[in-house]
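K.L.:
If you scroll down you'll find the structure; I have some questions about it.
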């Protein structure tokens, strides 16, 4: 029961990340400032939960220290891409672009972590990819200004998110101590990178300091932390080949529903067909459990 709870919460919180990013444009928030405050409050939330401040000086000796530096930078890279895509193409297209990357950590699970596939899981993964392609392709239109899909962002998000999932799994493998402390440190690194971006924007006069970005950052930061926290814990109960397909398809379906209800993002017949196939894929994959 506990393992399913972490998986369900991971899907809900991860969907909340896309929804919150979508609201950034509506309230005219500065992406860099809001993301910086997001990581500030995600870091604070993590350190408040873990209660391991006395071990901070020994961080450089942790086996996951170097990997966490790369992961923190990668978080910033992918989140900037997702924020831009969410505001231009909507949460449905963006979530699908990122969750289509399920193939990368799944293959890593087999090639790197020596996880096993069976016929049902393999069939489920293939159907999952077909479903995601259908929903991503849709009718060839998006909610962008000119109604055209920008394929550069989806491709970058595909590789960025997939690589990020693999980095998270590697961090989980190396970490034998407090999970919350490691996540908080990763967010701290992401915060430092984001501070550099904001300072650069302010020096160039590209943006002005606005307090409303703090509120957006708080909302995204808390949701962001618990999203990552639940995913890391779910990794301890599921193999990659099971976890990431279910998690990604769950986020896709939930964000598509929210996008339709809250933001009136229209779905084509291909989108609906893709969502139906996604449900079948989830059933096939979960049979293994």
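In my numbering, the protein residues as written are 106 to 394.
From the three backbone atoms N, C-alpha and C, an ideal C-beta is built for every residue, glycine too.
What you are looking at is a predicted structure, and each value in this text was computed from that prediction instead of being measured.
CA-CA distance, residue 261 and residue 306?
P.N.:
23 Å
K.L.:
Please state whether DSSP places residue 312 in a helix, a strand or coil.
P.N.:
coil
K.L.:
Quick one: using the 10 Å Cβ neighbour count with 16 as the cut-off for buried, is residue 250 buried or exposed?
P.N.:
The predicted model places residue 250 with a pLDDT of 47, which falls under 50 and marks its position as unreliable, so this point remains unresolved.
K.L.:
Decide yes or no for the touch test of the region 167-174 against the region 202-213: beta carbon pairs closer than 8 Å, at least 3 of them.
P.N.:
no
K.L.:
Can you give me the start and stop residues for the alpha helix (DSSP H) that residue 462 sits inside?
P.N.:
With the chain covering 106 to 394 only, the question about residue 462 has no answer from this structure.
K.L.:
Kindly indicate which three-state DSSP category residue 267 falls into: helix, strand or coil?
P.N.:
helix
K.L.:
Identify, in the order they occur along the chain, each residue of the same chain with its Cβ nearer than 7 Å to the Cβ of residue 143, setting aside the five sequence neighbours on each side.
P.N.:
322, 325, 326 and 329
K.L.:
Assuming residue 350 and residue 211 are in contact, meaning their beta carbons sit under 8 Å apart, how far apart are those beta carbons, in whole angstroms?
P.N.:
7 Å
K.L.:
Going by C-alpha to C-alpha distance, which of 115, 373 and 140 sits closest to residue 182?
P.N.:
Check the Cα spacing between residue 182 and each of 115, 373 and 140: the tightest is with 140.
K.L.:
Quick one: is residue 395 buried, meaning 16 or more other Cβ sit within 10 Å of its Cβ, or exposed?
P.N.:
Given that the chain is displayed from residue 106 to residue 394, the structure contains no residue 395 and the question cannot be resolved.
K.L.:
Determine the direct distance from the alpha carbon of residue 355 to that of residue 375, and round the result to whole angstroms.
P.N.:
If I take the Cα positions, the gap works out to 18 Å.
K.L.:
Does the beta-carbon distance from residue 290 to residue 173 come in below 8 Å?
P.N.:
yes
K.L.:
Name the two residues that bound the continuous alpha helix (DSSP H) containing residue 107.
P.N.:
107-131
K.L.:
If you compare alpha carbons, which of 310, 236 and 187 is closest to residue 265?
P.N.:
Among 310, 236 and 187, the Cα nearest to that of residue 265 belongs to 187.
K.L.:
Who are the near neighbours of residue 358 in its chain, counting only those whose CB is closer than 7 Å to its CB and skipping five residues on each side?
P.N.:
380 and 383
K.L.:
Mind checking which residues open and close the alpha helix (DSSP H) that includes residue 217?
P.N.:
Unbroken run through residue 217: none, as it is neither H nor E.
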